[in-house]
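Have a look at the structure below before the remarks.
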Amino acid sequence: MNQITRRSALTLAAALTIPALVPAPLRAQGTYPNKPITIIVPFAAGGPTDVVTRLVAEIMSRDLGQPVVVENVGGAGGTLGAQRVAQARPDGYTLLLHHIGMGTTPSLYRRLAYDAVNGFETVGLVTEVPMTIIAKKDFPANNLAEMIQVLRERKQNVNLANAGVGAASHICGLLLQSAVQTQLTTVPYRGTGPAMTDLISGTVDIMCDQTTNTTQQINSGAVKAFAVTTATRNAALPNLPTAAEAGLPGFEVSVWHGLYAPKGTDSAILNRLSRALQVALRDERLMARFAELGTAPVSQEQATPDYHRRYWQADVAKWRPIIQAAGQYAD
Ligand code: MLT
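To convert a position in the sequence shown, counted from 1, into our numbering, add 808.
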C-alpha cells in the first residue's frame, strides 16, 4: 500500500513538506466527510450483519451529515467483502462491518488475497449477539434432546445451512456437530438471510444463527427453536432454554461485531467515525430495536478504535490454537 519508495525525489519532498503546513488531523477533521460513505456488509442482505449495519448506518448518517450507504458483498464466508475494504482507498469512505469472522478468518484461511490481520484499522465494537439452534417447522423433534437423537440417526441426510466457512453460522454448526459427535451435510449461502428463507420453506433442515435474524421467525412460529447459545436465557426469547439447560453443557457461542476502515486511514477520521458510532449506539430507538432482536449495543468505551483493536487481536490469538488443533481449514 505504501508507494513512497517509488516516488521521485521531487514528489517525495512535496509529500513531506507541503502537508506539514496544515497538520493532518486538522485537515481530516475539517473536510471529512464531504461525500457519501459506504459500509460493506460481507454477507447477503436481510441477514443478521445486514440488520445491525442498517440500524447503525442510519443514525451515523444523521450525525455525520452525509448518506451512509450499505452495500452487501457476500460470499466465501465474508472474505470477499473484507477483501474489498482491505484494498479500498484509506480515505474513510469505504468501511466494513464484520463480525467474529475477523477473529477466525486469519486462522481458517491460509491463503487470502488480502492481509486479514494487518489490512484494517478499527473504529469500534458494535454489539455481541447470542445464537440460536433452529430447524424448519416440521423438523421431527420438539426439544434439543430429540433433535440430537435425529441428527445422530440421520447424519448426512440432515442439511445444515450456513453462510460459508468462517461465518458465525459455520462456527456454531461445527461446534454443534462436534458436541453431538456426528457429521451433517452443510449447505453454504452468501449469508443467513437467504438461508433463513430456505429454512422457512423447508429446503434445508437446521441452522445455527444469531438472534438478530431468528427472533422474529421463532416468535412467529415460522421456524422451530431448540436452544439459545448463551449462559443465560435471552429476554427476547424467554421460553427458549439455554443449550446447557437443554442438554449441551458448555455449548456457548456469541457473535461480536465491529466497524473497520482500510489500513492507513487517518486517526482523526477513525475518531470521527467512532464518535458517530457512539451516537448511534446510545440512540434510544436503536437500543429498543436491538432489545427486540435479542441483543444490546456495547458500551461507549468499547466503541472506540483502541478497545476494538485490543479485543480483535485477543480474539485472533484465541482462535488460532483452536482452529489449528481442529485442523479445519477453508483452503
Ligand atoms: C453468519 O452466519 O456469519 C451470519 O449470519 C452472516 C450473515 O450476516 O448473513
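We put the CB at the ideal spot given by N, CA and C, even for glycine. Note that the structure is predicted; figures quoted are calculated from it, not measured.
DSSP-derived helix/strand/coil call for residue i
i, result
"residue 1038", "coil"
"residue 1108", "coil"
"residue 1053", "coil"
"residue 1032", "strand"
"residue 932", "strand"
"residue 861", "helix"
"residue 1068", "strand"
"residue 1137", "coil"
"residue 945", "coil"
"residue 1018", "strand"
"residue 951", "coil"
"residue 958", "helix"
Pairwise C-alpha distance: residue j and residue i
i, j, result
"residue 844", "residue 1077", "14 Å"
"residue 1036", "residue 984", "12 Å"
"residue 885", "residue 916", "10 Å"
"residue 881", "residue 851", "6 Å"
"residue 1106", "residue 878", "21 Å"
"residue 883", "residue 869", "26 Å"
"residue 812", "residue 1026", "Its pLDDT being 27, under 50, residue 812 is placed unreliably by the model, and nothing is read from it."
"residue 956", "residue 873", "51 Å"
"residue 981", "residue 970", "8 Å"
"residue 1103", "residue 937", "5 Å"
"residue 897", "residue 906", "18 Å"
"residue 979", "residue 948", "24 Å"
"residue 836", "residue 1028", "With a pLDDT of 46 at residue 836, under the threshold of 50, the modelled position of that residue is not reliable, and no figure is offered here."
Whole-angstrom C-beta distance between residue j and residue i, which should lie under 8 Å
i, j, result
"residue 1044", "residue 1100", "6 Å"
"residue 1066", "residue 887", "The Cβ separation is near 16 Å, so there is no contact."
"residue 1119", "residue 893", "Actually they are not in contact, since the Cβ atoms of residue 1119 and residue 893 sit about 18 Å apart, beyond 8 Å."
"residue 1015", "residue 908", "The pair is not a contact, with the Cβ atoms about 16 Å apart (cut-off 8 Å)."
Residue i: first and last residue of the uninterrupted alpha helix (DSSP H) it sits in
i, result
"residue 985", "976-988"
"residue 1123", "1113-1134"
"residue 879", "Here residue 879 belongs to no alpha helix (DSSP H); instead the beta strand (DSSP E) covers 876-880."
"residue 1006", "1000-1009"
"residue 973", "From DSSP, residue 973 is part of no alpha helix (DSSP H); its letter is neither H nor E."
Residue i burial status per 10 Å Cβ neighbour count (16 or more: buried)
i, result
"residue 1138", "buried"
"residue 966", "buried"
"residue 925", "exposed"
"residue 1032", "buried"
"residue 1126", "exposed"
"residue 858", "buried"
"residue 1129", "exposed"
Beta strand (DSSP E) segment containing residue i, residue limits
i, result
"residue 848", "845-849"
"residue 967", "967-970"
"residue 903", "902-906"
"residue 995", "993-996"
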